[in-house]
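These notes are about the structure you will find just below.
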Amino acid sequence: MFEVGSFRSTLHGGITRRAFLSAAASVPFAFGLDNRKVAAKASEKPHSVIVLWLWGAPSHIDTFDPKPNAPSEIRGPFGTIRTKTPGVRFTELFPKTAARSDQFALIRSMVNFDGDHLKAGSIGLTGMLEGKDAEVPNFGSIVARHRGGKDLPAFMAIGRGNPRDVVGMMKGFGGGNWGRNYDPFLVGCTDKGELDIPALKLLDGLSPAALNDRRKLLGDLDNLNREAGKSTFDKWDTTKQRAYALLTSPDARKALDLTQEKQSTREAYGQTSFGQSCLLARRLAESGVPYIQVNWSQYVEAMTPNCDFGWDTHIFNFDLLPDRHGPIFDRVYSTLLDDLRERGMLENTLVIAMGEFGRTPRINGQASRDHWPQCYFSMWAGGGVRGGAVIGDSDATGSAPLTEPFTPGMVGATILQHAGLDTQTRAELRVLPGMRAIHELF
């Protein structure tokens, strides 16, 4: 497999060859001091990894890498505000996040290798160039294979389904060529915190509501137990077995029950699907799930007939960001950090927020921004990450990195290192072998 960061002579729709070679030049250090440094910080490896997948690709210039001195057709209409990190500014849309910049690290020189959502998304969640054309495992699938799960599945994805464009589903969302056993266990979450668990529908009409109706649930489980003898259970596919195991575990049912949270906590996250999903992610991390991916939306598009308001803001960018996307992310991200910190979980939980690429520095003819894989951001918190760090820099227009570009492969190596997969283990699994972790985060 080709990892993102290994050599290829040509790239289509992605970064320049010069930037690519700059990223690849760092690979020889993969087995040296930098990965050992990450491993040392991970000696008490995170209890969980939470990935906030901002599907559709947020504009880096309109969020966390503003260019206030650029021409108006680049800087856009938003003002900038100070953060808690001296000399670092965000756009005015993120005051709560700015007030907590000392709690997370920001990378401003991310690059992807394709400008297509499905292909870039697959690369972004697998770190592998082959991920855009072939089925290779998601970071979460790798963690699940290595660490396994107990009462709850080891890899859970929260959202309305696996990320997709109207034209098709993204590769790299799950186990890929490892098989469906390593796909994420899907859980949908509404703005009211009501759950939709597709796997339960395989168990003779059981619904998430049954999790809270103990008397009915016990009756349903008695029926299932009578029907699910050993021979029958062995014939069930993995998804059905996982659903059954979830229902029969009191701790698992408790983790999925948001009604057990204080009302003030639920209100702090906000009545949005993303907000309640992130609250659920915290509960799952608290219950020991190794890897949780929270999808901002199922679809990338911000304005289509099948839209659920992703970050693909080809039109209405400067309407959606101040009215919807900015306030939701600002509230939820800051609340999640506060919640994890107050519970003593932040040091043992690695939280990453990222999309598949950025958006064009120059505003388009529809007064919005298009796809831009040449430069974007990612945000890292917990798990020993240096709070307040700004890593990498982009040029004066946000068009390209001025410093070493960081690739999805490096993101994956860092996540896996902290989940307990060292370079030897990755080589044995043939996932991101030789890829260096981002030691600058620690």
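Quick note on numbering: my numbering labels position 379 of the sequence shown as 1567, and the sequence is numbered without any gaps. Even for Gly, the Cβ is constructed at its ideal location relative to N, Cα and C.
CA-to-CA distance, residue j to residue i, given in whole angstroms
{"i": "Y1564", "j": "P1438", "result": "42 Å"}
{"i": "L1604", "j": "V1539", "result": "13 Å"}
{"i": "A1342", "j": "R1574", "result": "27 Å"}
{"i": "E1474", "j": "K1272", "result": "28 Å"}
{"i": "K1338", "j": "G1267", "result": "48 Å"}
{"i": "P1593", "j": "E1318", "result": "20 Å"}
{"i": "R1441", "j": "F1282", "result": "35 Å"}
{"i": "L1617", "j": "S1461", "result": "35 Å"}
{"i": "W1241", "j": "A1345", "result": "10 Å"}
{"i": "L1620", "j": "K1255", "result": "34 Å"}
{"i": "N1552", "j": "G1498", "result": "19 Å"}
{"i": "A1258", "j": "G1356", "result": "37 Å"}
{"i": "G1381", "j": "W1484", "result": "15 Å"}
{"i": "A1541", "j": "F1630", "result": "17 Å"}
Sequence-distant residues of its chain with Cβ nearer than 7 Å to residue i (five each side left out)
{"i": "E1544", "result": "A1245, N1300, H1305, A1308, G1309, G1312"}
{"i": "K1284", "result": "D1518, R1519, S1522"}
{"i": "Q1486", "result": "G1347, R1348, G1349, P1351, R1352, D1496"}
{"i": "D1253", "result": "R1296, F1565, S1582, G1586"}
{"i": "V1324", "result": "M1189, T1314, M1316, E1318, G1360, G1364, N1365"}
{"i": "I1269", "result": "R1277, F1278, E1280, P1283, A1286"}
{"i": "C1377", "result": "I1346, L1383, S1461, Q1464, S1465, L1468"}
Beta-carbon contacts of residue i that lie in its chain and below 6 Å, excluding the five residues immediately before and after
{"i": "D1500", "result": "G1244, V1488, E1489, A1490"}
{"i": "R1288", "result": "S1522, L1525"}
{"i": "L1640", "result": "Not covered by the structure: residue 1640. The range shown for the chain is 1189 to 1630."}
{"i": "G1546", "result": "H1248, W1560, C1563, Y1564"}
{"i": "T1548", "result": "R1557, D1558, W1560"}
CB-CB length for residue i against residue j, believed under 8 Å
{"i": "P1478", "j": "V1237", "result": "7 Å"}
{"i": "A1456", "j": "K1428", "result": "Wrong, their Cβ atoms sit about 36 Å apart, outside the cutoff."}
{"i": "M1598", "j": "M1623", "result": "6 Å"}
Under the three-state DSSP convention, the category residue i falls into
{"i": "L1593", "result": "Reading the sequence as shown, one finds Pro at residue 1593 and not Leu. Reduced to three states, the DSSP call for P1593 is coil."}
{"i": "E1449", "result": "coil"}
{"i": "R1224", "result": "Annotation note: pLDDT 47 at R1224 (below 50); position unreliable, no value reported."}
{"i": "N1257", "result": "coil"}
{"i": "E1474", "result": "helix"}
{"i": "F1373", "result": "strand"}
{"i": "T1426", "result": "helix"}
{"i": "G1364", "result": "helix"}
{"i": "R1614", "result": "helix"}
{"i": "H1502", "result": "coil"}
{"i": "A1625", "result": "coil"}
{"i": "A1555", "result": "coil"}
Residue i vs residue j beta-carbon contact at 7 Å
{"i": "R1470", "j": "D1527", "result": "yes"}
{"i": "P1372", "j": "G1328", "result": "yes"}
{"i": "S1247", "j": "R1557", "result": "yes"}
{"i": "D1379", "j": "Q1459", "result": "yes"}
{"i": "S1297", "j": "G1580", "result": "yes"}
{"i": "Q1250", "j": "L1467", "result": "Looking at the sequence shown, residue 1250 is not Gln but Asp. No, they are not a contact pair."}
{"i": "Q1554", "j": "I1516", "result": "no"}
{"i": "A1601", "j": "A1625", "result": "yes"}
{"i": "Q1562", "j": "A1588", "result": "yes"}
{"i": "V1354", "j": "N1494", "result": "yes"}
Residue i Cβ short of 6 Å to the ligand COA heavy atom set
{"i": "V1573", "result": "As presented, the structure is devoid of all ligands, the ligand COA included, so that no description of it is given."}
Beta-carbon contacts of residue i that lie in its chain and below 8 Å, excluding the five residues immediately before and after
{"i": "A1322", "result": "K1359, G1364, N1365"}
{"i": "N1369", "result": "G1363, T1426"}
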